[in-house]
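Here the protein sequences come in this chain order: A and B.
Numbering (UniProt numbering) for the first sequence: 1 to 202.
Numbering (UniProt numbering) for the second sequence: 1 to 202.
We treat Cβ as the ideally placed atom computed from N, Cα and C, and that holds for glycine.
Notes follow the structure.
There are 2 protein chains.
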Amino acid sequence: MNAADTRHRILMTAMELFWEKGYGSTSIADILSRSQVHSGSLYHFFPGKQDVLVGVLEMYRDGIGEMLLAPNWEGVDDPIDKIFALLAGYRTHLIVTDCTYGCPIGSLALEIHEPDPVVRELMAANFTNWSTAIAGCFDAAADRLPPGSDAKALGEFVLTVMEGAVMQARTYRDIGYFDRNIAVLRDYVTTLLAAAKRDSFA
Amino acid sequence: MNAADTRHRILMTAMELFWEKGYGSTSIADILSRSQVHSGSLYHFFPGKQDVLVGVLEMYRDGIGEMLLAPNWEGVDDPIDKIFALLAGYRTHLIVTDCTYGCPIGSLALEIHEPDPVVRELMAANFTNWSTAIAGCFDAAADRLPPGSDAKALGEFVLTVMEGAVMQARTYRDIGYFDRNIAVLRDYVTTLLAAAKRDSFA
DNA sequence: GTCTATATACTGATAGAC
DNA sequence: GTCTATCAGTATATAGAC
Numbered sequence: 001m002n003a004a005d006t007r008h009r010i011l012m013t014a015m016e017l018f019w020e021k022g023y024g025s026t027s028i029a030d031i032l033s034r035s036q037v038h039s040g041s042l043y044h045f046f047p048g049k050q051d052v053l054v055g056v057l058e059m060y061r062d063g064i065g066e067m068l069l070a071p072n073w074e075g076v077d078d079p080i081d082k083i084f085a086l087l088a089g090y091r092t093h094l095i096v097t098d099c100t101y102g103c104p105i106g107s108l109a110l111e112i113h114e115p116d117p118v119v120r121e122l123m124a125a126n127f128t129n130w131s132t133a134i135a136g137c138f139d140a141a142a143d144r145l146p147p148g149s150d151a152k153a154l155g156e157f158v159l160t161v162m163e164g165a166v167m168q169a170r171t172y173r174d175i176g177y178f179d180r181n182i183a184v185l186r187d188y189v190t191t192l193l194a195a196a197k198r199d200s201f202a
Numbered sequence: 001m002n003a004a005d006t007r008h009r010i011l012m013t014a015m016e017l018f019w020e021k022g023y024g025s026t027s028i029a030d031i032l033s034r035s036q037v038h039s040g041s042l043y044h045f046f047p048g049k050q051d052v053l054v055g056v057l058e059m060y061r062d063g064i065g066e067m068l069l070a071p072n073w074e075g076v077d078d079p080i081d082k083i084f085a086l087l088a089g090y091r092t093h094l095i096v097t098d099c100t101y102g103c104p105i106g107s108l109a110l111e112i113h114e115p116d117p118v119v120r121e122l123m124a125a126n127f128t129n130w131s132t133a134i135a136g137c138f139d140a141a142a143d144r145l146p147p148g149s150d151a152k153a154l155g156e157f158v159l160t161v162m163e164g165a166v167m168q169a170r171t172y173r174d175i176g177y178f179d180r181n182i183a184v185l186r187d188y189v190t191t192l193l194a195a196a197k198r199d200s201f202a
């Protein structure tokens with residue numbers, strides 16, 4: 001068991017636990033027992049609990065492409081389809097966890113009320129990576145959207161809808177709330193596409 | 001200082017603290033010191049900390065009309081305007097707190113990962129009251145919306161957008177994220193109104 | 001109903017042998 | 001780098017006098 005292994009195992013375990021129970025409700029003892037690591041080892045790699053959180057947020061930030069986008073976009077070419085394929089990925093997560101687990105970054109963002117600047121900026125960076133990826137989809141479909149459409153704002157809006165939809169599905173323990181929200185978003189996007197088409201005939 | 005006063009002061013203080021610091025980070029000691037109540041008194045009224053939370057959630061649930069809707073809808077008659085007036089109220093909260101405090105229910109909903117059924121259902125009831133109020137606005141404007149519009153789903157969607165917009169503004173500490181999200185929602189609602197008008201001429 | 005003192009459990013973090 | 005033992009602080013909750 002080399003050093004990189006131990007450090008990595010700590011981070012993977014912490015990632016799991018923060019997702020399941022949140023940051024505040026996860027104790028160092030929880031991380032130690034599940035990862036089969038002893039106190040001395042953890043504090044050898046990390047000065048304190050918050051530094052474990054920083055490590056986890058960096059993993060999310062650096063892994064968004066491989067861990068999140070690639071699996072959901074496999075075999076999906078149309079940029080608009082990609083947007084809803086990603087949202088479908090979140091739906092699957094909700095389903096397999098009985099509407100218990102949602103977006104880990106969103107949960108942390110609302111749980112930690114006064115985050116250290118380092119933590120806050122990492123959460124923001126995660127949001128930016130996410131909404132920028134969606135903005136890229138809107139950019140790729142720019143010729144099918146009304147002229148002057150703000151891809152960045154639309155990317156942020158899709159993130160907003162995902163987070164809100166997850167929040168409601170979790171609170172009600174009912175996937176119907178997620179589905180209805182995504183259906184409204186779908187209606188909006190359809191409307192944008194139709195408006196652009198209508199204008200192009202005018 | 002009569003009993004009702006003490007109980008009420010505990011709940012008002014807890015409401016403040018849960019909003020500022022969250023549920024987990026608020027200790028009973030915090031509530032006691034700020035409310036100037038002693039341990040024995042609090043435990044006389046509430047069996048435990050979670051029961052204080054239940055009391056707070058009941059206050060939100062019972063006070064949504066007087067505390068939230070009435071102030072934001074004063075002098076606003078048009079149902080569509082009411083929707084955006086309520087959202088403007090959340091914007092004001094963000095502004096006066098330097099983008100620190102958002103929706104108290106949303107924060108609790110994402111902070112508490114495994115809530116007791118009582119707590120979860122009270123959070124859900126708060127969401128339902130909110131989105132039902134908005135659905136009422138869409139109902140009142142039904143004749144200006146495309147036929148067959150789902151007012152309930154639209155009410156839930158507006159809640160979603162509010163929560164997501166607040167989450168991003170808080171995480172970035174930047175009201176611009178809130179404003180852009182609401183602007184996109186405004187565009188969507190405008191589109192709905194225009195589509196209905198166009199259809200009525202067809 | 002209010003107040004003080006305190007029980008008990010658990011928290012993040014540390015010291016020092018190996 | 002790993003392991004054990006443990007510290008000091010704080011959490012929720014309680015007991016019992018008034």
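Any C-beta of chain A under 8 Å from that of residue i
i: ASN181 of chain B; result: yes
i: GLU163 of chain B; result: yes
i: LEU159 of chain B; result: yes
i: THR97 of chain B; result: no
i: THR190 of chain B; result: no
i: GLN50 of chain B; result: no
i: TYR43 of chain B; result: no
Assigned exposure category for residue i - 16 Cβ within 10 Å defines buried
i: ASP5 of chain B; result: exposed
i: SER35 of chain B; result: buried
i: VAL56 of chain A; result: buried
i: GLY102 of chain B; result: buried
i: ALA124 of chain A; result: buried
i: SER107 of chain B; result: buried
i: PRO115 of chain A; result: buried
i: VAL96 of chain B; result: exposed
i: GLY48 of chain A; result: exposed
i: VAL189 of chain A; result: buried
i: ASP187 of chain A; result: buried
i: VAL118 of chain B; result: exposed
i: HIS44 of chain B; result: exposed
i: HIS113 of chain B; result: buried
i: GLU66 of chain A; result: exposed
i: LYS197 of chain A; result: exposed
i: ASN2 of chain A; result: exposed
i: GLY22 of chain B; result: buried
i: PHE201 of chain B; result: exposed
i: GLY40 of chain A; result: exposed
i: ALA109 of chain B; result: buried
i: SER153 of chain B; result: The question names Ser, but residue 153 of chain B in the sequence shown is Ala. ALA153 of chain B should be labelled buried.
i: ALA29 of chain B; result: exposed
i: ALA14 of chain A; result: buried
Cβ of residue i within 8 Å of any chain B Cβ
i: VAL184 of chain A; result: yes
i: LEU154 of chain A; result: yes
i: ARG61 of chain A; result: no
i: ARG34 of chain A; result: no
i: MET67 of chain A; result: no
With 8 Å as the C-beta to C-beta threshold (strictly closer), list the residues of the stretch 1-24 of chain A near chain B in chain order. GLU20, LYS21, GLY22, GLY24
Quick one: complete alpha helix (DSSP H) runs, 4+ long, within the stretch 53-126 of chain B? 70-73, 79-96, 104-111
Using a Cβ cut-off of 9 Å, which residues of the stretch 105-122 of chain A contact any Cβ in chain B, in chain order? ILE105, GLY106, SER107, LEU108, ALA109, LEU110, GLU111, ILE112, HIS113, GLU114, PRO115, ARG120
So if I threshold CB-CB distances at 7 Å, which residues from the stretch 72-104 of chain A count as touching chain B? none
Taking a cut of 7 Å between CB atoms, which residues from the stretch 123-148 of chain B lie near chain A? MET123, ALA124, PHE127
Minimum length 4: unbroken alpha helix (DSSP H) runs contained in the stretch 123-190 of chain A: 151-172
Does the stretch 45-61 of chain B come close enough to the stretch 110-124 of chain B that 3 or more CB-CB pairs lie under 8 Å? yes
Measuring CB atoms only, is the stretch 69-83 of chain A touching the stretch 74-85 of chain B, in the sense that at least three cross pairs come out at less than 8 Å? no
Check whether the stretch 175-193 of chain A and the stretch 155-167 of chain A touch, using three or more Cβ-Cβ pairs below 8 Å as the test. yes
When the Cβ atoms of the stretch 84-99 of chain B are set against those of the stretch 124-144 of chain A, are three or more pairs found closer than 8 Å? no
Any chance the stretch 145-152 of chain B sits against the stretch 190-201 of chain B, with 3 or more Cβ pairs inside 8 Å? yes
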